[in-house]
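Going left to right, the sequence shown walks through residues -20 to -1, 1 to 117 as mature numbering (1 follows the signal peptide of the UniProt record, and there is no 0) numbers them. One structure is given here, and the rest of the page talks about it.
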Amino acid sequence: MKKLSLLFAASLLASPLALADVVVIGHPGGPDSIAANEVRDLYLNRSKALPDGQSAKPFELPEGNASRAEFHDKVTGRNDAQLKAFWSQQVFTGRGQPPEEAGNAAAVKAQVASTPGGIGYIDSADVDDSVKVILTP
């Protein structure tokens, strides 16, 4: 019985670590794939277009979101503090505005699905047929 209790406790501790991976999603009418460096350039204001030439509209999850942290760790290589400093400089110098923030994964998915050129990132478990996965970083 003690062994079973320990096994159960260990599974509870491990379950948050078993989250699905973050994926980059796109509007159904957009490109079928995109390179990680192209996504990085979109999210760091270095590019404004998707690989097919369509104008891009990136969407962002809020600060503190685990999928946001994973995405930026894998794709842009920046944490929330670095992103805040980067975008403060971009806005102050008139070079650009940060991606539009959506409150949660469902909102990102809805925005991307309804916006031609929309691109975002969510947990792979949240993907449905309203959007398409264009990159798994």
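Cβ coordinates follow ideal geometry from the N, Cα and C atoms, glycine included.
Proximal residues to residue i (C-beta, below 6 Å), its chain only, five neighbours per side dropped
i: Ala93; result: Ser110, Val111
Three-state class that DSSP yields for residue i in the structure shown
i: Pro103; result: In the sequence on display, residue 103 carries Asp and not Pro. Looking at Asp103 - three-state DSSP - the assignment turns out to be strand.
i: Ser47; result: helix
i: Leu24; result: coil
i: Ser110; result: coil
i: Val55; result: coil
Selection from the options that minimises the alpha carbon distance to residue i
i: Val88; options: Asp21, His52, Asp103; result: Asp103
i: Leu115; options: Gly100, Lys37, Ala105; result: Gly100
i: Asn84; options: Ala46, Ala65, Lys28, His7; result: Ala46
i: Arg48; options: Val113, Val107, Val2; result: Val2
i: Asn16; options: Val107, Lys64, Gly57; result: Reading off the sequence shown, one finds Ala at residue 16, where the question assumed Asn. Among Val107, Lys64, Gly57, the Cα nearest to that of Ala16 is on Gly57.
Neighbourhood of residue i by C-beta, 8 Å cutoff - its chain only, sequence neighbours within 5 removed
i: Glu81; result: Phe39, Glu40, Leu41, Pro42
Outcome for residue i when other beta-carbon atoms lying within 10 angstroms are tallied against a minimum of 16
i: Pro96; result: exposed
i: Gln62; result: exposed
i: Pro79; result: buried
i: Gln69; result: exposed
i: Gly98; result: buried
i: Gly33; result: exposed
i: Ala(-3); result: Its pLDDT being 46, under 50, Ala(-3) is placed unreliably in this model, and the value from its coordinates should be taken loosely. Exposed.
i: Lys28; result: exposed
i: Gly10; result: buried
Three-pair Cβ contact test at 8 Å for the region 46 to 61 versus the region 70 to 79 | A contact between stretches requires three or more CB pairs, one per stretch, nearer than 8 Å, and the region 46 to 61 fails this requirement with the region 70 to 79.
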